[in-house]
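Quick note: the sequence shown, position 23, residue 841 per this note's numbering, numbers continuous.
By construction, the Cβ of each residue, glycine as well, lies at the ideal position given by its N, Cα and C atoms.
Predicted model only: the values in this text are computed from it and were never measured.
Working notes, structure below.
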Amino acid sequence: MSTSPTDPTDLFSGSGGGAPFDVTTLLFTARRLFWLPLILAPLAAIGGYIYAKTSTPVYRALAEIRLESRSMTPAASTSDPNSAGTTSPEDQNTIIRTFVNPVMAREVVKKLKLAERPHFTGGSRRPSEDDLVAFVMEHTKANIVVGTRLLQIAVDYPDPYIAMELANAMAEAGMKYERDQRAIALRENVQYLEDEAKKLEANLVASEMRLNDYTRTLGSISIDQDVNIAADKLKDLNMRSTEARSKRLQLESSYREIQAYRENSDALLGIESIRSAPGVASLISKSNDLKGNLAKLLQRYREGNPFVIQAKTELAEVEKTLRQQALDVAKGIEADLAAARRNEEDVAAEKAEQEEKVIKVKEESIKSNVLRRQIDADRLAYEAALKRLNENLSETRSQLVMMQMSGPAGPGYMVSMSTGKTVGVAGLAGLFLGLGLIVLVAQFDKSIKSVESAESALGLSVLSAVPRYGPASADPALSFRDYPVVLDRCCAAAEAFRTLRVAIEPPVGGEENAVILLVGAAGQEGASFCAANLAVALGQSGQRTLLVDADLRRSSLEQRIFDSVGQYGLSDYLTGRVSFPNIIRSTPAENVDVVTAGTPHAHPAELLSKDAFATFLEEARLLYDRVVFDAAPVGAVSDTLRFAHLCQTICFVLRFGKTTPAVARRAFELLGRGGVKVTGVVLNNVSPAFPIKLGHQDFPEEVFSNHGKFEFPVHCPSCNRTYESPEDFVRQTVPPGPEWTSHISGWNEHSERIVRRCNCNTLIVLPPVMRRDNSTAGAKRREAFAELMATLEKSGLSRDEARTNLLLTLKMWRSEMHGESHRENSDASQQRRKLYDEVLERLAAGGMSRSSAEAKLLHAIRIWQNAP
């Protein structure tokens, strides 16, 4: 039935903090404050009408000035827009400020001799020059027409011809002032640039002289050429050094191999450097050829053949020569290695000397480069100054921006709105102001305004939504007899409480929920109103119901129901001042008794924490089917938390359009910390989008039966229609409407009368039958009560005990005499029967026979049943 409350940080929850704008809230606020724009619009229209009738008409004169742009070259056209384009926005703003400034205004004041016109500003005294300057500036506006080069000077004044005079004067003064200022600025700029060019020229000459002196000191015409020559020579030496080192390493490798086989010529021939020597390589080739020839001869001839012998002899000579040549080459490599080492050392020394020379030349070139860069910088600065000087000289001869009067101002035209237009604009402004205020109020209103937002805020189901009924549902001025379930059971509010009654009924076979608590969050939610109406609705269903006012701080039920204050009630029982039967008070409602708050107590929270409260609850549950508590708001005080855990059903009352999700969540969390499980939410004082109308067929036929309060038949004073019974009266009449009390003389809010409207639109008042305390029936009731009291005292009971038991029996059984109760098997019904049997036994013990005692007790119950 319930879910976890929504996270307050969720932007899309119903809490409202960072939530998007709620259309429901806007519509609710619009319905509540619809009168605001309806009032502001007429008021603003009236104000506009008064302003239009009392204000002086205003005329506006316009003078137009054409702005022309020229190319940087004098040969360019002075009027072709494609050659120059419009002036920049910065230039436009500068021009506008030129025409509307105190200097121009003062020039116009002097030129037109405005100081000699005493009533120029409209005041009663002669204005000073400063006043005139301020007046002219206030009523003069200058702007560039979008998409053009036209500057408009607009002057507003009550006289059209004076407005024309002022507009032309301001335009002429502005053009003259702009030309003079531009010429002065250009002359000053040219003079500055000439001085700057001379200074830069002197700097350039000085830089070139310093470079020339430095070159003369070095004795070289071109430092850069010396650097390049030294660098090229160093590069060549680096290459020679690399080659010498490579050759030396190669010879050293060969020399190490030769040292290992110095006298072994065959082994020396295995060394690559020796084999590749020119003489050795040719001999090796010749030896290989001879070996091949010998092999061929051996295949053809025998070993002793002359050709074979000759070939072997030639081969032996060649191999001998080859071995000798290998030894000679080995000795030559050793000599080459020594020469390579000397060559490498010579190249390294020459390279080191050249490196020192390169470093020295580069050091000499650094200062030379610095001097050259200085010359370049001075030359660029000098050339830039000359260029700027030439540009300014050209601009001086031909200004970039020129002004020409294209349209002198004529007599001013009226600019103030007509009366009708002023009234319309003011009315619309008032209307939009009202609508804006509604939107603003809706934006800051975070209260709950729908069943969905209430369920989203707490994660609980809404058991019932009680619509607004007559006065505000939480209004203490609404008395018990004006409650919807009592006064008009055919209205939507009464049906809402019947819906709540069904919603809290336990399922078949479920846990009994005899104790019901209705509690608000922070106060003014209407919890007392809901508790009282729910109790009446439970009583109308045949359930014996006890309504208890547990709000010991600000109790209201006693005033609403009995129009009294301070009678014995719950606080008196909890302090032991009175017993349970003495605090039960009957009501006109069927099956409903009330226990009021009682005498005010200094410490209500501690009082509700006593064990006596649990005892009170046990006694109430034994005698009643339902016990309905009205309690103090949880968020305001802790009183309710003292006993809320004793209640099976807890209804959380929220007020539509007032209770905020944050307040509701805080109260809900307080109940949760106390181990209390809330059943659901009652949304009170709901403002429906459309009135809720229900047919009479949806309600029980007996509306006013068993009250013993009204006399029937009733006749309509206008159409003489007769209503024979309460059922007939309710079915054929309608509620009187919100303004009916003003039509009945002597009416007051605590009057015990029912008012309905006949079909002929006449109000019918049902006056209650007066109480019969002093009548014969009242005397009989007191006589029967006294007789039974005396018999109970004879049985051994004290007077207080006898009165308590007898009074409790009469109150409990007064509604049991109509027939079998639909809850006759309940614990409360069995307890009432037990109480009835105990009183019978006491009466028999006091001297009456059981049959006589039962007859007299039943007679007394019937008398009490019919008592007012």
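Measuring CA to CA, which of Leu-1676, Tyr-1442, Gly-1248, Val-1481 is closest to Ser-1647? Tyr-1442
CB Pro-976 to CB Val-951, shorter than 7 Å? no
For Glu-1343 versus Val-1471, is the C-beta distance shorter than 7 Å? yes
Any idea which residues DSSP pairs Ser-1404 with across the strands? Asp-1411
Under the three-state reduction of DSSP, which class applies to Gly-1344: helix, strand or coil? coil
Burial state of Glu-1313, where buried means 16 or more other Cβ atoms lie within 10 Å: buried
Beta-carbon proximity list for Ala-1283, same chain, < 7 Å, skipping 5 on both sides: Val-1269, Ala-1314, Leu-1501, Val-1504
Taking contact to mean 3 or more Cβ pairs, one atom from each stretch, closer than 8 Å, check whether the region 1397 to 1408 and the region 1486 to 1498 are in contact. no
Between Val-1176, Leu-1388, Lys-1267, which has its C-alpha nearest Leu-1055's C-alpha? Val-1176
Beta-carbon separation (whole angstroms), Ser-1359 vs Asp-1367, contact threshold 8 Å: Rounded, the Cβ-Cβ distance is 22 Å, inconsistent with contact.
For Tyr-869 and Val-1241, I'd like the C-alpha separation in whole angstroms. 9 Å
Does the beta-carbon of Asp-1031 have 16 or more other beta-carbons within 10 angstroms, so that it is buried, or is it exposed? exposed
Quick check on the burial criterion: 16 or more other C-beta atoms within 10 angstroms. Buried or exposed for Gly-1110? exposed
DSSP three-state label for Lys-959, please. strand
Simplified DSSP assignment, three categories, for Arg-1574: strand
Assign Phe-1398 to one of three DSSP states: helix, strand, or coil. coil
Glu-996 to Thr-843 span [Cα, whole Å]: 59 Å
Just to confirm my understanding: we take Cys-1348, look at its own chain, exclude 5 residues before and 5 after, and list those with CB closer than 7 Å. What are they? Val-1284, Leu-1336, Val-1471, Val-1500, Asn-1502
Straight-line CA distance for Met-993 to Pro-907? 18 Å
Outcome for Arg-1668 when other beta-carbon atoms lying within 10 angstroms are tallied against a minimum of 16: exposed
According to DSSP, is Gln-1143 part of a helix, a strand, or is it coil? helix
Straight-line Cα distance separating Ala-1003 from Glu-1209: 14 Å
Rounded to the nearest angstrom, what separates Glu-1323 and Asp-1411 at their Cα positions? 20 Å
For Gln-1358, which three-state DSSP category applies? helix
Where the beta strand (DSSP E) containing Tyr-869 begins and where it ends: Careful: Tyr-869 lies outside any beta strand (DSSP E), inside the alpha helix (DSSP H) at 853 to 872.
State the Cα-Cα distance for the pair Pro-860 and Val-1243, rounded to the nearest angstrom. 11 Å
Do you know how far the Cα of Ala-1663 is from the Cα of Val-1521? Any reading at Val-1521 must be qualified, since the residue scores a pLDDT of 38, below 50, and its modelled position is unreliable; the value itself is stated next. Straight-line Cα distance between these residues: approximately 42 Å.
Look up Ala-1454 in the DSSP assignment and say whether it is helix, strand or coil. coil
Hey, how far is the Cα of Ser-1100 from the Cα of Gly-1122? 29 Å
Do Val-1126 and Lys-1104 have their beta-carbon atoms positioned less than 7 Å apart in this structure? no
Residues in its own chain within less than 7 Å of Arg-1159 by CB, not counting five upstream and five downstream? Arg-1066
What did DSSP end up calling Gly-1225 once you bin it into helix, strand or coil? strand
Hey, quick one: how far does the alpha helix (DSSP H) through Ser-1274 stretch, first residue to last? 1269 to 1276
I'd like to know whether the C-beta atoms of Phe-1461 and Phe-1434 end up nearer to each other than 7 Å. no
Assigned secondary structure, Met-922 (DSSP; H/G/I helix, E/B strand, else coil): helix
Minimum C-alpha distance to Val-1259 - residue among Leu-851, Ala-1449, Ala-1311: Leu-851
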